[in-house]
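>
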Amino acid sequence: MANKSSVDFHYIEQKWQKKWQNKKVFEPKVDENKEKYFIIFAYPGISGYLHVGHMRGYSITDVVARYHRMLGKNVFFPVGTHASGNIAISFANKIKNRDEKWINYLVDNGCPKDIVSNLTTPEKIIEFFNKEYVDSWKAYGFSSSWSAFTCTSFDDYHKFIEWQFKKFMDLGLLIQKPYFTTTCINCGPVAVDLSETDISKGGNAEVVEYFTIKFKLENNVLPAATLRPETLFGVVNMWINPEINYVRASVGSEIYIISKQAAEKLKYQEESVEIIEQVSGKELIGKYCENPLTKNKVIILPALFVDPNVGTGVVMSVPAHAPYDYIALKDIQNNNNLLDKFNLPKEEIKNIKQISLIKTQEFGEFPAEEICKKIGIDTQNEIEKLEQATTEIYLKEFSKGVLKEICGKYAGLKISEVKENLGADLLNQNLAGKIRDLSEEVICRCGGKVVIKKIPDQWFIKYSDKSITEKAKKQVDNMQIIPESFKKNFPRILTWFEDRACTRLNNWIGTKLPFDKKWIIEPIADSTIYPAYYIVSQYFNNKKISVDDLTEEFFDYVFLGKGKPKNEIWKEIHREFDYWYPLNMNIAGKEHKTVHFPVFLKSHIAIFPEKYWPVGIGANGWVTGKGKFKLSKSKGGAEPIKDIAKKYSVDGMRLYYLNTAELFSDIEWDQDIIIKYKKKLESIINLINELSIKKDEEEMINELSIKKDEEKEAIDKWILSKLNASCKVVESEFNKFNIKKASDEIFFNIHNLIKWYLSRGGKDKQTLEKVSNIWLRLMAPFTPHICEELWEQIGNKDFISLASYPQFDKSLEDKHTEASEENIINLHETLRELILLVEKGSRKKAKKIHLYLAPEWKYELFKDASSGKQIGELLRAQKYAEHKFEIENMASKLRAIPGVLLSRNKEFAVLEDAKMFFEKEFGVIFEIQKETTFDPQNTAKFSLPGKPAVFVEVE
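The sequence shown begins at 1247 in my numbering and counts up one residue at a time.
(1) Roughly how far, in whole angstroms, is the beta-carbon of Tyr1785 from the beta-carbon of Ile1819, given that I think they are within contact range, below 8 Å?
(2) Tell me where the alpha helix (DSSP H) around Tyr1295 begins and ends.
(3) Would you kindly check if the distance between the Cβ of Lys1511 and the Cβ of Asp1683 is under 9 Å?
(4) So, for Ile1629: in the same chain, excluding its five sequence neighbours on each side, which residues have a beta-carbon less than 7 Å away from its beta-carbon?
(5) Say whether the stretch 2015-2035 touches the stretch 1251-1262, bearing in mind that this needs 3 or more beta-carbon pairs closer than 8 Å, one atom from each stretch.
(6) Note down, in chain order, each residue of its chain lying with its Cβ closer than 6 Å to the Cβ of Leu2036, except the 5 sequence neighbours on either side.
(7) How long is the line joining the alpha carbons of Tyr1351 and Phe1706, rounded to whole angstroms?
(8) Spell out the partners DSSP gives Glu1520 in its beta bridges.
(9) Quick one, which of Phe1805, Lys1733, Phe1255 has its alpha-carbon nearest Ile1775's?
(10) Does DSSP put Gly1622 in a helix, a strand or coil?
(11) Give the DSSP-derived three-state secondary structure of Met1725 in the structure shown.
(12) For Gly2145, is the classification buried or exposed, using 16 other Cβ atoms within 10 angstroms of its Cβ as the cut-off for buried?
(13) Would you kindly check if the distance between the Cβ of Leu1847 and the Cβ of Gln1721 is under 9 Å?
(14) Between the beta-carbon of Arg1312 and the beta-carbon of Ser1389, is there less than 9 Å?
(15) Where does the unbroken alpha helix (DSSP H) through Gln1704 begin, and where does it stop?
(16) Going straight from the alpha carbon of His1850 to that of Phe1843, what length do you get?
(17) Val1380 by DSSP, collapsed to three states: which one?
(18) What does the Cβ neighbour count give for Glu1643, buried or exposed, with the cut at 16 atoms within 10 Å?
(19) What is the DSSP secondary structure of Met1316, reduced to helix, strand or coil?
(20) Are Lys2090 and Val2170 close, meaning C-beta to C-beta below 9 Å?
(21) Counting C-beta neighbours from all protein chains within 10 Å, is the total for Arg1900 16 or more, i.e. buried, or is it exposed?
(22) Please identify the residue among Leu1547, Glu1520, Thr1540 whose C-alpha is closest to the C-alpha of Ile1531.
(23) Is it right to say Gly1559 is buried, meaning 16 or more other beta carbons lie within 10 angstroms of its own, or is it exposed?
(24) Give the DSSP-derived three-state secondary structure of Gly1882 in the structure shown.
(25) Classify Lys2104: buried if its beta carbon has 16 or more other beta carbons within 10 angstroms, exposed otherwise.
(26) What does DSSP give as the partner residues of Trp1485 in its beta bridges?
(27) Less than 9 Å between the beta carbons of Thr1625 and Ile1573, yes or no?
(28) According to the Cβ coordinates, are Phe1461 and Ala1470 closer than 9 Å?
(29) Out of Ala1865, Glu1651, Lys1717, Ile1621, point me to the one whose CA is closest to Glu1638's CA.
(30) Measure the alpha-carbon distance for Met1272 versus Asn1981 and round it to whole angstroms.
(31) Keeping to the same chain, check which residues put their C-beta closer than 6 Å to that of Glu1527; ignore five residues upstream and five downstream.
(32) The beta strand (DSSP E) with Arg1682 in it runs from where to where?
(33) So what does DSSP say about Leu1950, is it helix, strand or coil?
(34) Please go through the same chain and pick out, in chain order, the residues whose beta-carbon is closer than 7 Å to the beta-carbon of Ala2065, but skip the five residues on each side of it.
(35) Quick check on DSSP: helix, strand or coil for Cys1357?
(36) Tell me, which residues are paired with His1328 by DSSP?
If you want it as structure tokens, here you go:
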């Protein structure tokens, strides 16, 4: 590694990964004499190869695990995979059906073709990717406890989940009720959330619940979809798209006229829906329908903006309060050609009047007309402005609006309150129904469309339980939650987190509900208390227990301490669980703030005694593409990691993940930046080698060159004191989970300190050894491979991964030495800039530099100011009477005095000691004037304690 031109990162990585594996370095044993630290990352769903986006959260978890291990803690860092759901089934079917895209995906990522052809069952897909994931984690140097590996499709894991749901049932937390769920038309129910576990598109989609107001059209129902049933009082016409075909469909005992798309959606949501015949939208234009509440007859008008995919394809027009309706009605009233085309009654339509039904202080009688004129909206094509206007009206009417007298018994009610009351009345009187839709297109992993479907007897976990919710909110106060903004918001998330559907029908991978086996427990519900199972899984993997041992009695004893142990193994597992639990830290992507973390905490609180409740969670940001979208296989741009690590080095990748931004912020995938991190590591390796070479040279010059502490040069004392101060910074930032700031200190600030130390002639053998030793240990959690290699290279026999992490030592603090050298560093920068400026301005070379120390009275002044004396008091002091004007001009300087002030004599000695360094550095003669003898430009008057004035004499 001494060769500056090339560092074989890949060789070093493989070397140390094998050593860690062979020695089982990261397989902890229970040790009651050591503080434990139990950490996990959220196990990934088996959906294909891990990519560069995944590895960030995992790298964050590993650096935290390594840090705590080096602090002397007993660290348990297990890993597993999440195979529940339909992903592996969908993947296997694609390979079985010879889907070229997915076959190429596997081959391009290094899967041999003979293996690809065998990946035609979910079991084989899971087995293949389990190995791939573990191999990838090992290749990134993760210090995991591999013996505890588990997967949610394993038989032993099923036994654990069966026990969990028996506990939920015993606690009265499992209930059944009708439910409208997101469902793939091929696979059945799927979860739609930011984690996109079950889907390939649409993770941001929300379920939108429309009221379908039942306008009467002859013997049919023309159901208009709306989110605002209160606006029914202001309907003046209906909108139908004349260019699409509608259908007449029987819905229960009624006949609806709706878009074909709406009829297809209702088939999943109503008991009986059957399409009878097609109806042209054009046929409906000009007909009249009856408002079910007011009994007013309103005309049906044409509108191309009506989307058959949204709601029912039928829209009611409320132009007084809806900008889209106002502009559309105005357009049609002024368009004689359109009126003639559909043979519409011109006078009647031109005389359609707005009906005002909501009163607010912000708007007059007709808010839509008012805001359209204000913003300058003239046509239906101004979509952005119309959206802005619609949002503004809705927000103001919802928050401050009340219904007018025209609304009958609902008059005076706030808009924010009326929806529930009026909506319930409309439903109870059969004047309205409901249709549920998704706010954006959602596609399942299998490629099928996702719709909303009614499940009449869906199982739920009762997360709305008030007792559990209150306990969870209270527990937040006892937890380390990263970032702090998440901790502040988490109680609100826990409050609104209601009952969650926990089972699915169809042939999915997962655990069968033990008391109703037609149901499969869904992927979020089977991944809430799984950290507890890692402790059991290592015993199962080591064949100390079998599936048959995993009874309800076994888990009751191991996890809850209930009942009697069957044998010594039960006792051992219970002792180990009691040692490791609670979980210290659970790290997952930020999408899990509202997905995994609420159920993780509430489930623990429901089942376990308080002493086992989790004490830490962290939400890490994403790795995004250039457009700031989250990297994922389904969206593209997620580069697999197999070759990336070889290209950029594992330690370079880890440093990129850990240093680019704090863990809760997103980072943008940028290969140019990663190359810079790799080069940074190469420069650090070269610097460590330089320290070793200097140490060896010094040893050859004088084998007795090791000095006692009191004999060390000031620069040696300075570097050791500064390194000690850096240890304090790193400890503080690590404890706050400010991983970036900790790595900034280690890889950048310390790097610069050492380079300065060497430039100042630092060469003491013992100091060089200490510097290398401390710096490598500080870096080790971040870049473990190169640190192990360099650690061995400087003569250590043990693993740096198991060495102690450097800690701040108050006895090593030397503020005066630090202050002395800080003066030199600042002066060096001032000189560099000033010499350049003078030489450029005069076009002559500098020949001599004069440094002027401040007079003694200024040192006395700074000392008085630093002791707390105010400027007014100093100006009144007799001893400064003749310097009053100067002190007034120095006011800002007196407010920013450094913590340590050197005496005038000490500062002179420091400058004299640095004189040769400056002369060598700048190639000119230096004269330090304690008493001013030569000052052609009266420069000395600008001198201050710690900041000598400078005059550059040119040739």
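Just so it is clear, CB atoms sit at the ideal spot from N, CA and C, and this is done for glycine as well.
Working from what's here:
(1) By 1-based counting over the sequence shown, the position of residue 1785 is 539. By 1-based counting over the sequence shown, the position of residue 1819 is 573. That belief holds up - the Cβ atoms of Tyr1785 and Ile1819 are roughly 6 Å apart, short of 8 Å.
(2) As a first step, residue 1295 must be located in the sequence shown, where it is residue number 49. Where Tyr1295 is concerned, there is no enclosing alpha helix (DSSP H), given that its DSSP letter is neither H nor E.
(3) Along the sequence shown, one-based indexing puts residue 1683 at 437. Along the sequence shown, one-based indexing puts residue 1511 at 265. Result yes, Cβ atoms of Asp1683 and Lys1511 sit closer than 9 Å.
(4) One-based indexing of the sequence shown puts residue 1629 at position 383. Around Ile1629: no qualifying Cβ.
(5) yes
(6) Translated into positions along the sequence shown, residue 2036 becomes position 790. Only Ile1934, Leu2022 meet the Cβ criterion.
(7) Locating residue 1351 in the sequence shown gives position 105, where the first residue counts as 1. Locating residue 1706 in the sequence shown gives position 460, where the first residue counts as 1. Approximately 37 Å, taken between the alpha carbons.
(8) Within the sequence shown, residue 1520 is the residue found at index 274, counting from 1. Paired residue(s): Ser1496.
(9) Residue numbering aside, residue 1775 sits at position 529 when the sequence shown is read from its first letter. Of Phe1805, Lys1733, Phe1255, the residue nearest in Cα terms is Phe1805.
(10) For this step, residue 1622 is matched to residue 376 along the sequence shown. It is coil, neither helix nor strand.
(11) For the purposes of this step, residue 1725 is taken as the residue at position 479 of the sequence shown. Met1725 falls in the coil class under three-state DSSP.
(12) Counting from one through the sequence shown, the residue named residue 2145 turns up at place 899. Counting Cβ neighbours within 10 Å, Gly2145 comes out exposed, since fewer than 16 surround it.
(13) For the purposes of this step, residue 1721 is taken as the residue at position 475 of the sequence shown. For the purposes of this step, residue 1847 is taken as the residue at position 601 of the sequence shown. A contact, by the Cβ cut-off of 9 Å.
(14) What you label residue 1312 is simply residue 66 of the sequence shown in a count that begins at 1. What you label residue 1389 is simply residue 143 of the sequence shown in a count that begins at 1. Yes, the pair counts as a contact, with Cβ atoms nearer than the cut-off.
(15) One-based indexing of the sequence shown puts residue 1704 at position 458. Taken as a continuous stretch (DSSP letters only), Gln1704 belongs to no alpha helix (DSSP H), being part of the beta strand (DSSP E) at 1696-1707.
(16) Along the sequence shown, one-based indexing puts residue 1850 at 604. Along the sequence shown, one-based indexing puts residue 1843 at 597. Going from the Cα of His1850 to the Cα of Phe1843 covers about 11 Å.
(17) In the sequence shown, counting from the first residue as 1, residue 1380 sits at position 134. Helix, per DSSP.
(18) The residue given as residue 1643 occupies position 397 in the sequence shown. That one is buried.
(19) Position 70 of the sequence shown, counted from the start, is the residue given in the question as residue 1316. In this structure, Met1316 counts as helix in the three-state DSSP scheme.
(20) Locating residue 2090 in the sequence shown gives position 844, counting from the first residue. Locating residue 2170 in the sequence shown gives position 924, counting from the first residue. Going by C-beta atoms, Lys2090 is not nearer than 9 Å to Val2170.
(21) Along the sequence shown, read from residue 1 onward, the residue named residue 1900 stands at position 654. Classification of Arg1900: buried, given that the 10 Å Cβ count is 16 or more.
(22) The residue given as residue 1531 occupies position 285 in the sequence shown. That would be Leu1547, whose Cα lies nearest to the Cα of Ile1531.
(23) Here residue 1559 corresponds to residue number 313 of the sequence shown, with the count starting at 1. Answer is buried; the Cβ neighbour count reaches 16.
(24) Residue 1882 sits at position 636 when you count from the first residue of the sequence shown. Low confidence applies to Gly1882: its pLDDT is 48, below 50, so where it sits in the model is not reliable, and the reading given next is rough at best. Note: Gly1882 maps to strand in three-state DSSP.
(25) Indexing the sequence shown from 1 puts residue 2104 at position 858. It counts as buried.
(26) Counting from one through the sequence shown, the residue named residue 1485 turns up at place 239. Trp1485 is bridged to Leu1547, Val1561.
(27) On the sequence shown, position 379 is the one that residue 1625 refers to. On the sequence shown, position 327 is the one that residue 1573 refers to. Against a cut-off of 9 Å, the Cβ pair of Ile1573 and Thr1625 comes out as a contact.
(28) Residue 1461 sits at position 215 when you count from the first residue of the sequence shown. Residue 1470 sits at position 224 when you count from the first residue of the sequence shown. Yes, the pair counts as a contact, with Cβ atoms nearer than the cut-off.
(29) Position 392 of the sequence shown, counted from the first residue, corresponds to residue 1638. Closest option to Glu1638, Cα to Cα, is Ile1621.
(30) Here residue 1272 corresponds to residue number 26 of the sequence shown, with the count starting at 1. Here residue 1981 corresponds to residue number 735 of the sequence shown, with the count starting at 1. First, the amino acid is wrong: residue 1272 is Phe here, not Met. Those two C-alpha atoms are separated by around 22 Å.
(31) Indexing the sequence shown from 1 puts residue 1527 at position 281. Here the sequence assigns Gly to residue 1527, which means Glu is not the residue at that position. Only Ile1486, Asn1487, Pro1488, Ile1490, Tyr1492 meet the Cβ criterion.
(32) Translated into positions along the sequence shown, residue 1682 becomes position 436. Element bounds for Arg1682: 1678-1684.
(33) Position 704 of the sequence shown, counted from the first residue, corresponds to residue 1950. Bear in mind that the predicted position of Leu1950 carries a pLDDT of just 40, short of 50, making it unreliable; the figure below should be weighed with that in mind. In the structure shown, Leu1950 sits in coil (DSSP, three-state: anything other than H, G, I, E or B).
(34) Start at 1 with the first residue of the sequence shown, and residue 2065 comes out as number 819. Contacts found: Pro2144, Val2146, Leu2148.
(35) The sequence position of residue 1357 within the sequence shown is 111, counting from 1. In the structure shown, Cys1357 sits in coil (DSSP, three-state: anything other than H, G, I, E or B).
(36) Sequence index remark: in the sequence shown, residue 1328 carries index 82 (1-based). Note: His1328 sits in a beta bridge opposite Gly1291.
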